[in-house]
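Engineer: Line order of the protein sequences matches chains A and B.
Per this note's numbering, the very first residue in the first sequence carries number 485; after that it's consecutive.
Per this note's numbering, the very first residue in the second sequence carries number 485; after that it's consecutive.
Glycine included, each C-beta is placed from N, C-alpha and C at the ideal position.
Please read these numbers as outputs of a predicted model, since none were measured by experiment.
Sharing a structure, written as structure tokens. Questions coming.
Number of protein chains: 2
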Amino acid sequence: MSLSYAMLGLLTYGPMNGYNLKKIFDKSIAHVWAASLSQIYRELSSLEKKGYVTSIIQKQEDGPDKRIYSITDPGRDAFQEWLKDFPEQTSFYQRDEFMLRIFFGSRLEKKEIIKEFENFISQKRDHLQILNEIKDTFNIYSSEFKVESAEKEELFWNFTIKQGQMSLEVLIKWAEECIKELEEYNWNYNRFYKKMN
Amino acid sequence: MSLSYAMLGLLTYGPMNGYNLKKIFDKSIAHVWAASLSQIYRELSSLEKKGYVTSIIQKQEDGPDKRIYSITDPGRDAFQEWLKDFPEQTSFYQRDEFMLRIFFGSRLEKKEIIKEFENFISQKRDHLQILNEIKDTFNIYSSEFKVESAEKEELFWNFTIKQGQMSLEVLIKWAEECIKELEEYNWNYNRFYKKMN
DNA sequence: AGGATCATGTAACCGGTTACATGATTAC
DNA sequence: GTAATCATGTAACCGGTTACATGATCCT
């Protein structure tokens, strides 16, 4: 359950409530591990049962009460254990709705597919923008969070950003090459795809 | 449920039994959509209930009986509908155990992380090899499968292979750059990571 | 007045993973 | 003999998604 460790990891930066944890997720590690609010609340209960976190209610004059979670020593230990234990195998097999449709692309019209590739490119450009926004918030976090060394922390955060950027850029390049190849290819579209069984 | 459409898509190439479908999966589209045997059997039952496939038992003298599935006309229509309907949004948010640990890499020893990066690189090279093997089987399939045009079919199959290759190559490049940066970085490892809450 | 944000949860559902069950044939 | 391959399934589990429920404050 990587989610719980991602949460414990963020809680090492300081105590937080669930709602806030979700916001930090979206602005720091969502590009490597995403989480929804309902998942976070469910997992916080589970972590508390395990003794990895404790919570206190913080009353607020303006707005609803907050349940602030803090990581415990067993929680830190569990996190550190998980962190060291890199999976031996990184998965090769993927699941990508877009790529799956490209695999069967011969059954679509050329015009249509090029349109989809263009939309793909435009989305990957948007994603690059989101990554840049995440990167910008790192400066804020490394000063707000309780970290040993902001420079060292940002080194690793930026590794994950860089990975995202390079992957997105190569996908854009790939899609552009596909469009080029498609345009060069002499197309015969069978309006009524043959029934062959 | 993309899995069922991936299955229908493969069944347009000809009738197949579940076991064989799994093998085709692994050697054709597992790099874009993976499937396990138990999932395939479960989904075949479900597709038959919906009327998208029909099955007949084929008796074998050597070895156990086979249940051969064929796609029906409603199945073809459903597949074609799904194929045209590209998702408007491709997901930006990911879930990657390796990257998640890199995010918290400041809590590990330099030596250890470099070792993990090197293992990562070696695995991605293996994955490149798997992709090449998949690509090699395309020649066999495009002659065995009932396809309108082998050349056209392979065009798209190769698009998905190319995407995998380019993505893997950039990941290798990324990891190599990370190692370089780490080696240059003046490291202070806190053996006993400070408790800061 | 109405939508966004703050804030915390529960319940159902869905699909992917793992384990279990069975048994024949083939290759080393 | 034993491991791999052929062949078909069921059941439990696990974690991510979506919908539902409630209600205050803040901004336009």
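What residue from A:PHE588, A:LYS507, A:ALA659 has the CA that sits closest to VAL631 (chain B)'s CA?
Structural biologist: Your numbering for residue 631 (chain B) matches position 147 in the second sequence. Of the candidates A:PHE588, A:LYS507, A:ALA659, the one whose C-alpha sits nearest the C-alpha of VAL631 (chain B) is A:PHE588.
Engineer: So which residues on chain A does GLU565 (chain B) lean against when the C-beta distance must stay under 8 Å?
Structural biologist: As a first step, residue 565 (chain B) must be located in the second sequence, where it is residue number 81. The premise fails here: GLU565 (chain B) is roughly 11 Å from chain A at the closest Cβ pair, so nothing lies under 8 Å.
Engineer: So the alpha helix (DSSP H) LYS568 (chain B) belongs to, where does it begin and stop?
Structural biologist: As a working note, residue 568 (chain B) is residue 84 in the second sequence. Note, LYS568 (chain B): alpha helix (DSSP H), 557 to 568.
Engineer: Just to confirm the assignment, what range does the alpha helix (DSSP H) spanning THR621 (chain A) have?
Structural biologist: Residue numbering aside, residue 621 (chain A) sits at position 137 when the first sequence is read from its first letter. Start and end: 594 to 628.
Engineer: I'd like to check one pair, THR496 (chain B) with ILE540 (chain B): are the Cβ atoms closer than 8 Å?
Structural biologist: The residue given as residue 540 (chain B) occupies position 56 in the second sequence. The residue given as residue 496 (chain B) occupies position 12 in the second sequence. For ILE540 (chain B) and THR496 (chain B), no; Cβs fall outside 8 Å.
Engineer: Taking the alpha-carbon positions, what's the GLU660 (chain A) to PHE601 (chain A) distance?
Structural biologist: As a position in the first sequence, residue 660 (chain A) is number 176, starting the count at 1. As a position in the first sequence, residue 601 (chain A) is number 117, starting the count at 1. Roughly 8 Å separates the two Cα atoms.
Engineer: Only counting the same chain, and skipping five residues up and downstream in sequence, which positions put a Cβ closer than 7 Å to that of GLY493 (chain A)?
Structural biologist: Reading the first sequence from its first residue, position 9 is the one you call residue 493 (chain A). Taken in chain order, the residues that qualify are PHE563.
Engineer: Please name the residue, chosen from B:LYS619, B:ASP620, B:LEU639, B:LYS594, that lies closest to LYS594 (chain A) on a Cα-to-Cα basis.
Structural biologist: Here residue 594 (chain A) refers to the residue found at position 110 of the first sequence. Selected option, being the one with the closest Cα: B:LEU639.
Engineer: Taking C-alpha atoms, which residue in A:THR574, A:ASP510, A:LEU528 lies nearest to TYR536 (chain A)?
Structural biologist: For the purposes of this step, residue 536 (chain A) is taken as residue 52 along the first sequence, with counting starting at 1. Closest by alpha carbon: A:LEU528.
Engineer: With a threshold of 16 other CB atoms inside 10 Å of the CB of ARG526 (chain A), please say whether the residue is buried or exposed.
Structural biologist: Working through the first sequence from its first residue, we reach residue 526 (chain A) at position 42. ARG526 (chain A) is exposed by the Cβ-count criterion.
Engineer: Is DSSP giving VAL516 (chain A) helix, strand or coil here?
Structural biologist: Start at 1 with the first residue of the first sequence, and residue 516 (chain A) comes out as number 32. Here VAL516 (chain A) sits in coil by DSSP.
Engineer: Bridge partners for ILE541 (chain B) per DSSP, in chain order?
Structural biologist: Stepping through the second sequence from its first residue, residue 541 (chain B) is reached at position 57. Per DSSP, B:ARG551.
Engineer: Express the C-alpha separation of THR574 (chain A) and PHE582 (chain B) in angstroms, rounding to a whole number.
Structural biologist: Mapped onto the second sequence, residue 582 (chain B) falls at position 98. Mapped onto the first sequence, residue 574 (chain A) falls at position 90. Approximately 7 Å, taken between the alpha carbons.
Engineer: Note down the Cα distance separating ILE508 (chain B) from GLN647 (chain B), rounded to an integer number of angstroms.
Structural biologist: Mapped onto the second sequence, residue 508 (chain B) falls at position 24. Mapped onto the second sequence, residue 647 (chain B) falls at position 163. The alpha-carbon atoms of ILE508 (chain B) and GLN647 (chain B) are separated by roughly 20 Å.
Engineer: Assign LEU652 (chain B) to buried or exposed, taking buried as 16 or more other Cβ atoms, counted over all protein chains shown, within 10 Å of its Cβ.
Structural biologist: For this step, residue 652 (chain B) is matched to residue 168 along the second sequence. When all chains shown are included, LEU652 (chain B) counts as buried.
Engineer: Please look up how many angstroms separate the CB atoms of VAL516 (chain A) and THR644 (chain A), rounded, as I've assumed it's under 8 Å.
Structural biologist: Your numbering for residue 516 (chain A) matches position 32 in the first sequence. Your numbering for residue 644 (chain A) matches position 160 in the first sequence. Their Cβ separation, rounded to whole angstroms, is 5 Å, which keeps VAL516 (chain A) and THR644 (chain A) in contact under 8 Å.
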